[in-house]
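Quick note on numbering: the sequence shown equals residues 0 to 282 in numbering that gives the first Met the number 0. The beta-carbon is built from N, C-alpha and C at its ideal position, and this holds for glycine as well. Structure first, then comments.
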Amino acid sequence: MKMVLQIKAGFKKTKLGWIPKDWEIGTFESLAQIIMGQSPSGDSYNKENIGVPLLNGPTEFKERYPIKKQWTSRPTKLCVADDILICVRGSSTGRINIANDTYCIGRGVAAIRAHNKNDQTYVEHQLNFAINRILKLTSGSTFPNISSVELKKIKICIPQLKERRVIANCLSNWDKAISSLTSLIDKKTEAKKGLLQQLLSGNKRLDGFSVEWETYRIEEIANDYSVKNERNEEIEVLSCTKYDGLVPSLEYFGRQVFGDDLSKYKMVPRGIFCICYKPYRRR
């Protein structure tokens, strides 16, 4: 069968599809510096604001900006305000935040900083646009991760600087509009939480219901689930923490705090409730 190539006026065919003739195909490396994190020594961690705030990954990431939960007195790799932060290890690989201060970044995080400061917002939007291609690099892996080489070589479209700035400004205006709607949703969500507490505790009754509630022990409505990883499969390990509950261990601590033999560890299928009943692990 003869293939017919449809030519689009003013465009050229590239590996990323049809793009304007005056655009180029480049890589993240051509527009930005990529700084891979390095975890500091565990005995330098503290919660007393000593040293530099530390980011190990998703536990500090919020909707857009990270929060400070711990510090290190011996920082290794640093990011600065406005750097793009991306999780590069574990189940949260690909999650993005923007630095709002100087932080030490652990090995679960990479910082991306545009060579030209005017390109920072454009690079952020390109990173979000390319995230599915980035995640494909980790598919099939038990413990997903992205290397600096892989990040640097991700191909992106590069128009002239003036057009990049206009594109970035347009997309940022949309982000602001979305943020306003998100803020409204957050307020409604908080209101729902209050209502949920009132309704599920019986302090507030809906019209038409007046019968007294009954109480049950957990064992009367649920079963204990306890299955060990007898095949010693290489699966993600969760740790119990004081402030953050169950967390991906490697991402949270930035290092391995569990043994190599996982055969005695219990497996937790999706949808199972977990309750920590042993002393939590400190960093």
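Buried/exposed call for residue i, threshold 16 Cβ in 10 Å
i    : result
Q69  : buried
N168 : exposed
L195 : exposed
V210 : exposed
S248 : buried
E123 : buried
V148 : exposed
C273 : exposed
Q119 : buried
R73  : exposed
S238 : buried
L180 : exposed
V79  : exposed
N115 : exposed
N55  : buried
Q255 : exposed
A295 : Nothing about residue 295 can be reported from this structure: the residues present for the chain run from 0 to 282 only.
V165 : exposed
A31  : buried
P65  : buried
I271 : exposed
Q125 : buried
L84  : buried
F60  : buried
Y224 : exposed
R163 : buried
L183 : exposed
For residue i, the three-state DSSP class (helix, strand or coil)
i    : result
T188 : helix
G16  : strand
F10  : strand
E213 : coil
G193 : helix
I274 : coil
F257 : coil
I220 : helix
E233 : coil
L249 : helix
V3   : Confidence at V3 is low in this model, with a pLDDT of 49, below 50, so its placement is unreliable and the value that follows should be read with caution. V3: coil per DSSP, three-state reduction.
Residues bridged to residue i [DSSP beta-bridge criterion]
i    : result
G244 : T240
F208 : Note: F208 sits in no beta bridge, so no partner.
K227 : K265
Cβ separation of residue i and residue j, assumed to be a contact under 8 Å, to the nearest whole Å
i    : j    : result
S38  : R106 : 5 Å
E235 : K151 : E235 to K151, Cβ: 27 Å. No contact.
I95  : D81  : The Cβ separation is near 13 Å, so there is no contact.
E23  : I157 : 5 Å
M35  : A129 : No, M35 and A129 are not in contact; Cβ-Cβ is about 18 Å, not under 8 Å.
F142 : G89  : 7 Å
T137 : T92  : 6 Å
T71  : V87  : With a Cβ gap of about 19 Å, T71 and V87 do not count as contacting.
K227 : Y264 : 7 Å
Below-7 Å beta-carbon distance, residue i vs any chain C residue
i    : result
K161 : Considering every chain present, this structure includes no chain C. It has just one protein chain.
Distance cut-off 6 Å: residue i Cβ against heavy atoms of the ligand NAP
i   : result
P65 : Absence of the ligand NAP is noted for the structure shown, with no ligands found whatsoever.
Query - 4 or more residues per run - each alpha helix (DSSP H) lying fully within the segment 107-183 - result: 119-128, 130-135, 147-151
Report task. Kindly provide the ranges of any alpha helix (DSSP H) runs that are 4 or more residues long and lie completely inside the segment 21-106, ordered along the chain. Result -> 27-30
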